[in-house]
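2 protein chains.
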Amino acid sequence: MEEIIGILAGVFTTVAAVPQIFRAWKTKKVDDVSPKMFLVLTIGVLLWTLYGIMKQDAPIIITNGISTLLNITMLVLILKFKKK
Amino acid sequence: MEEIIGILAGVFTTVAAVPQIFRAWKTKKVDDVSPKMFLVLTIGVLLWTLYGIMKQDAPIIITNGISTLLNITMLVLILKFKKK
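Just so you know, the sequences run in chain order A and B. Just so you know, we're using UniProt numbering here: the first sequence kicks off at 1 and counts up by one. Just so you know, we're using UniProt numbering here: the second sequence kicks off at 1 and counts up by one.
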C-alpha cells in the first residue's frame, strides 16, 4: 500500500510540468509564469538526482532525472517566448 | 555530505512555488499559468505527505506538507484571477 502511494506520488509530481510545457508551447506566451520558480525547481530536482546517485537509489534518480529534463525544457520555453 | 545535498534539494523544491505565488499576487494575472500543473502537483505532494505519514518520516511530511499548502495557495490565486 505504501509503495503504491509512493509510486503514484512520484508519477504526479514528475509529470506535473507537462501541461505547463504544452500550454507555453501552444500559446507562445509565458508572461505570467515565474522564471524563478522553474529555475529554483530545476536546481532542486537536479540536487535530488545527485542525492539519488550518491545513495544509488534508482527511483529517486529516474523520477528526478525526468523532472530535471522537463523543467529545463520549460526554462528554455520561458527564455524563448519572454517578451523582450 | 549526502544529507546536506538532500536537505538543500528539499528546500529548493519546497520553496520553488513562492516566487510564482508572489508574481500572481502582484500582477493579478495567471493567463499563462497551467492550472493543470498546479492541480497535478498538489495531488502529488499531498500523496507524498500521506506516504510520509504512513512511513512516519518527518522530513517527507514537513517538506511536502509545506508544498501542499503553497500549491493550494497558488490554485486559489489561479481561480481568483482567471479570466472569466
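All residues carry an ideal CB built from backbone N, CA and C; glycine is no exception. Treat the numbers as computed from the prediction; the structure is a model and nothing was measured.
So, with DSSP's three-state summary, where would you put A16 of chain B? coil
Inter-residue spacing [alpha-carbon to alpha-carbon] between V62 of chain B and T49 of chain B: Inspection of the sequence shows that residue 62 of chain B is occupied by Ile rather than by Val. Straight-line Cα distance between these residues: approximately 8 angstroms.
Chain A partners of L8 of chain B, CB-CB under 7 angstroms? L47
DSSP-derived helix/strand/coil call for K26 of chain B: helix
Along chain A, in chain order, which residues have C-beta atoms closer than 9 angstroms to that of I62 of chain B? Neighbours of I62 of chain B on chain A: none; closest Cβ ~15 angstroms, over 9 angstroms.
Compute the Euclidean distance between the alpha carbons of F22 of chain A and Q56 of chain A, then round it to the nearest angstrom. 32 angstroms
DSSP three-state label for V45 of chain B, please. helix
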